[in-house]
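> Counting the sequence shown from 1 gives a position; our numbering is that position plus 41. Beta carbons: idealized from backbone N, C-alpha and C, even for Gly. Take a look at this one; I'll ask things after.
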Amino acid sequence: MTPFRSLQAIFFLLLLGIRADHASPPPRIPLEVEYTGCRAVIPAGPVCVLSTRRKLRLWIGAPPEARIEIRSGGQRIDAAGEPVQDGQRLSLEIPPGAQSLDVLAETGNGKASWSLPIAEPDRETSRDLLSEVKARMLQVHNDILAHRLVAVRKALDGLRLPAGVPAEINYLVSYYRSLLTEREGDYRSALAQVQKAVVIAERVKLDSRQSIAEEQLALLLRSVGRSREAAELFDRARQYPRSFCEEGDLLNNQAWSMLLAREAGERVGDPTRLLEKALETYGTCKEVTPEMRANILINLALAHLQEDRPAQAKELLTQAHELEPHASIPLMLWQLDLAARIALREGRPEEALHLFNDLKDLAQATSSADGRLRATLGKARSQEALGDRTAALETLREAEALLDEQSLQIPLHEGRETFMATRQAVVSLHVELLLEQDRPAEALAVARHGRSRMLRQLERGDRLANLTPDQRARWESLWTAYHEKRAALEERAKEEWRLPEDQRRQERAARKAEAEAVKGLLDQVFLLLEAPGEQPGQEPPPPRPGELILAYHPLPLPRRWVGFAADGKTVAVHRFDLPPDLSRSSPEELARRLLLPFRASIEKARQIRILPSGPLQGVDFHELPFDGDVLLAGRPVVYGLDLPVSAGPAQAPGRHALLVADPRDDLPGALSEIRTVSKILQSGPRSWITEELKSTEASTEAVRRRFDDADLLHYAGHGVFSGFGGWESGLLLAEETQLTLGDILALERVPAWVVLSGCDTGRSSVETPVESLGLAQAFLLAGSREVVASIRPASDREVPAFFTDLYRMWDRETDLAVAFQRAQLSWRQRNPEADWGAFRLFEP
């Protein structure tokens, strides 16, 4: 389980002050400054009592080009600033007799100032805020260890302290709020608070505190499935100098992080050696408590159980209990969990069921969201082992509802889909039990619900109409703030070229930080609309007449999968193994596993809808061999998101086309493509009214403004897929701006049909079995009916010819899927070696 630091280590490194996030709003400080180095803090002021070294370190929130003047004791202090984040860090020595430290920053936007009252080192104080806080935070720390979360929240929320306290104080409050909200199951707040703590520590170079916060951040990232970033943070943590106690903490944290990854099914190494080394390191640390050693023993027990060594795990649990018979709540939760798993592994399902029920009761009583989910899944497995599959299925429905509820606590851009993926065992077991009971239609519905869980939470549908007047006003206010801040970022991007080279990096860092804040606004917008998704027992959208749904889902065993073929009347099922590296599998081998088991159903279908999961999202099903040709040759193939049918626009679309070409002036072929497309759209029997935005005309604002009237968007330019979960993706537009994934989600109206002639415009993450976001998915969530996009770089010279064929055929054939099929086959016939399969037709 999550390790706890020794009290001495925590308070020697962290405990230097506090600020109340829930206190009355402090007076606004025109210039943002963080400072560190005070020996004490007098509350009235607050006044910084200097140490005998008389040194302070400041971070000033002003850009490198700002003219900064620092004065103290009537003297001007000259100090070279070091660029950090979106400001400057300086080290100062305060002259004797100074009563204040004053900072004036002058930029092109005007002047801003900040002042800090100063006292000499020998100043006697009736109150020292730092000393007072240490006593209070000691109790907070102990309450967190004992899982007395109500007391912790009361203590943190009840603080009333002045504004302008030192950086150590701001850091400490954010750090402890992160620990609290994580244990309350509020990952959104926990991530925000610990990231804030990391930022503060880096600004004023509090290296040891930054290391502690980054370890907490790494554990949180691993909890939501972001293993790569967690591993990078642990590697960085090793760069900081550490005592024996701190080294033991780091080893335990890193091992716990690996255990979490293995719990989620990731293939990472066995952390047993790390834990044994941590236990050995703790032997040289006097501050280590019995509970800390018991914690490592429990972690070792989990490591052995994951390696199918239940006897060793049982012995370690016994040792942990003997070492600390009155363990804290978090330790007790994991002791119960592991004891129940061991009983189940050793063929004692009745005992396991009893223990999992105890775990569930304790988790509910202590508000442990993760404990509730683990207990519910374990309870279902025990019921299955007892042969009571009806009860197991009912318990799994409860677990699915818990997963819906808990996933909403993860911010959209912080890994919600990976969080769901790490809990995918709930869905896989649910599917398997339904299949064992010969209930394939229900199994398919559960698989589809699990796959589309995140996107369904983002689909607005009728939720906006159900907001209260206050909620609606809040929703509109957040949207306004989002659009204003995005516009400001775009303006700054336009002006970046004017800056000297040495200032551009600083400006980019500042814009990146502001972009993260903008994503937070978007998360708050959808938080107002979010509610747990539909119950997994409810039916997802059925196949259309003549359509066959092919869906694929991972099962509990490694590399074991199940495929479904549903035509609206029957559901066929086929289990199969998936090779570890799909890129090495031939098209014939993939077709044998994925298509041929459903040959009879495919041959009768007039259209195929593909619902892939995980790595199968990268497979071009339409290009796989079938009946002597490719699958697409016999019928149209579309790729679905499984969104509600109501995802399309409410109004009937017209015939107004918006054509956007070469916004960055580096794709001359795009201009030719648009001219040809425009002629075809205007000259056909069902002609379109076209409007063109080319080169510098195609700014973000110009494109967004025309979406209100456009029924078709054709974009010929650069698409970018980047950022965690695709959240940095966008369509590049003029003046160094772009239409981001978030911008698309924020649009009140989008074209019914979207054609994206650019690289990676249909790409989304293939690392999770949960459908995630890309540009095409964002348009469909915002209301588009159909999107044509590429899942790879689209560099083939024949791309313009493909779209020429597409529009000609669509003019004669109203069904875009049929027109898309014919255009792709025509492209293939012209050049069989071309990457014609990169483009897909996406539907809700």
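Output the distance between the C-alpha atoms of A139 and A120, rounded to the nearest integer angstrom.
In a straight line, the C-alpha of A139 is about 17 angstroms away from that of A120.
> Check the C-beta distance from L647 over to G681 and give it rounded, since I have them as a contact under 8 angstroms.
According to the sequence as given, residue 647 is Arg; it is not Leu. The Cβ separation is near 16 angstroms, so there is no contact.
> Quick one: which unbroken alpha helix (DSSP H) runs of 4-plus residues sit fully inside the stretch 255-293? Chain order, please.
Segments of the alpha helix (DSSP H) lying fully in the stretch 255-293: 268-278.
> Could you tell me whether any non-hydrogen atom of the ligand NAP is closer than 6 angstroms to the CB of D227?
The ligand NAP is absent from the structure shown, which contains no ligands of any kind.
> Considering only the alpha carbon of each residue, which of V74, A176 and K96 lies closest to D127?
Selected option, being the one with the closest Cα: V74.
> Rounded to whole angstroms, what's the CA-CA distance from K175 to I101? Just pull it up for me.
If I take the Cα positions, the gap works out to 27 angstroms.
> Among A352, R177, A296 and G114, which one has its Cα closest to the Cα of E387?
Minimum Cα distance to E387 is reached at A352.
> Report buried or exposed for D661, applying the criterion of at least 16 other Cβ atoms within 10 angstroms of its Cβ.
Buried, since its Cβ has 16 or more Cβ neighbours within 10 Å.
> Quickly, what does DSSP pair Q129 with across the bridge? List them, please.
Beta-bridge pairing links Q129 to I101 and P124.
> Using the Cα positions of L434 and S423, report the straight-line distance between them to the nearest angstrom.
L434 and S423: Cα-Cα distance of roughly 11 angstroms.
> Pop quiz: V191 and Y216 are said to be a contact at Cβ under 8 angstroms. What is the actual Cβ separation, rounded to whole angstroms?
Contact flag wrong, Cβ pair sits at about 20 angstroms.
> Is G803 near I832, with beta carbons less than 7 angstroms apart?
In this structure, I832 lies closer than 7 angstroms to G803 by Cβ.
> For D445, which of V240, L474, V472 and L414 has the nearest alpha-carbon?
With distances taken between Cα atoms, D445 lies closest to L414.
> Exposed or buried, what is A529 when buried is set at 16 or more other beta-carbons lying within 10 Å of its beta-carbon?
That one is exposed.
> With DSSP as the reference, identify every bridge partner of V355, one or two as the case may be.
Here the sequence assigns Lys to residue 355, which means Val is not the residue at that position. For K355, which the question treats as bridged, DSSP gives no partner whatsoever.
> Using three-state DSSP, classify E147 as helix, strand or coil.
Correct three-state label for E147: strand.
> When the distance is taken between beta carbons, is Y756 closer than 7 angstroms to L892?
With the chain covering 42 to 885 only, the question about residue 892 has no answer from this structure.
> Please list, in chain order, all residues of the same chain as L476 whose beta carbon is under 6 angstroms from its beta carbon, the five residues on each side excluded.
A484.
> What's the gap between the Cα of S65 and the Cα of D411?
Because S65 sits at a pLDDT of 42, beneath the cut-off of 50, its placement in the model cannot be relied upon, and the following sentence gives the value as read from the coordinates. Distance between the alpha carbons of S65 and D411: 33 angstroms.
> Taking 7 angstroms as the threshold (C-beta atoms), are V811 and L821 in contact?
Going by C-beta atoms, L821 is not nearer than 7 angstroms to V811.
> Considering T459, what are the terminal residues of the alpha helix (DSSP H) in which it resides?
Start and end: R457 to T463.
> Between which two residues does the alpha helix (DSSP H) containing I241 stretch?
Where I241 is concerned, the enclosing alpha helix (DSSP H) stretches over Y228 to R244.
> What does DSSP give as the partner residue(s) for F880 in the beta ladder?
In the DSSP output, where bridge partners are listed per residue, F880 has S831.
> Is the beta carbon of D707 closer than 7 angstroms to that of G760?
No, they are not a contact pair.
> By Cβ distance, which residues of its chain are closer than 8 angstroms to G574, with the 5 residues on each side in sequence left out?
In this prediction, G574 scores a pLDDT of 44, lower than 50, which makes its location untrustworthy; the coordinate-derived value is nonetheless stated afterwards. Excluding sequence neighbours, G574 sits near D445, H490, R494, R497 and Q498.
> Give every residue of the same chain whose Cβ lies closer than 6 angstroms to the Cβ of S132, excluding the five residues on either side of it in the sequence, and list them in chain order.
Within the same chain, S132 has close Cβ partners R98.
> What number of angstroms, rounded off, separates the C-alpha of L232 from the C-alpha of I253?
Looking at the two C-alpha atoms, the distance is approximately 14 angstroms.
> Evaluate the contact criterion for the stretch 855-872 versus the stretch 655-674: three or more CB pairs, one atom per stretch, below 8 angstroms.
Because the criterion of three Cβ pairs below 8 angstroms is met, the stretch 855-872 and the stretch 655-674 touch.
> Quick check on this structure: which residue in P685, A775, H524 and H697 has the alpha carbon closest to the alpha carbon of D703?
When only C-alpha atoms are compared, the closest one is A775.
> Can you tell me whether DSSP reads P886 as helix, strand or coil?
Nothing about residue 886 can be reported from this structure: the residues present for the chain run from 42 to 885 only.
> Which residue wins for smallest C-alpha separation from R244, given the options A187, Y76 and I715?
Per the Cα distances, Y76.
> For V240 and L157, I'd like the C-alpha separation in whole angstroms.
The straight-line gap from Cα to Cα measures roughly 21 angstroms.
> I believe G675 touches D668 by the beta-carbon criterion, under 8 angstroms. Please report the beta-carbon distance rounded to the nearest angstrom.
Sure, about 6 angstroms apart at Cβ, within 8 angstroms.
> Counting only runs that start and end within the stretch 749-788, where is the alpha helix (DSSP H) found for 4 or more residues in a row?
DSSP runs (the alpha helix (DSSP H)) wholly in the stretch 749-788: 782-787.
> Does P366 pass the burial test, meaning 16 or more other C-beta atoms within 10 Å, or should it be called exposed?
Its Cβ having fewer than 16 others within 10 Å, P366 is exposed.
> Does the separation of the CB atoms of I118 and V144 fall below 7 angstroms?
No, they are not a contact pair.
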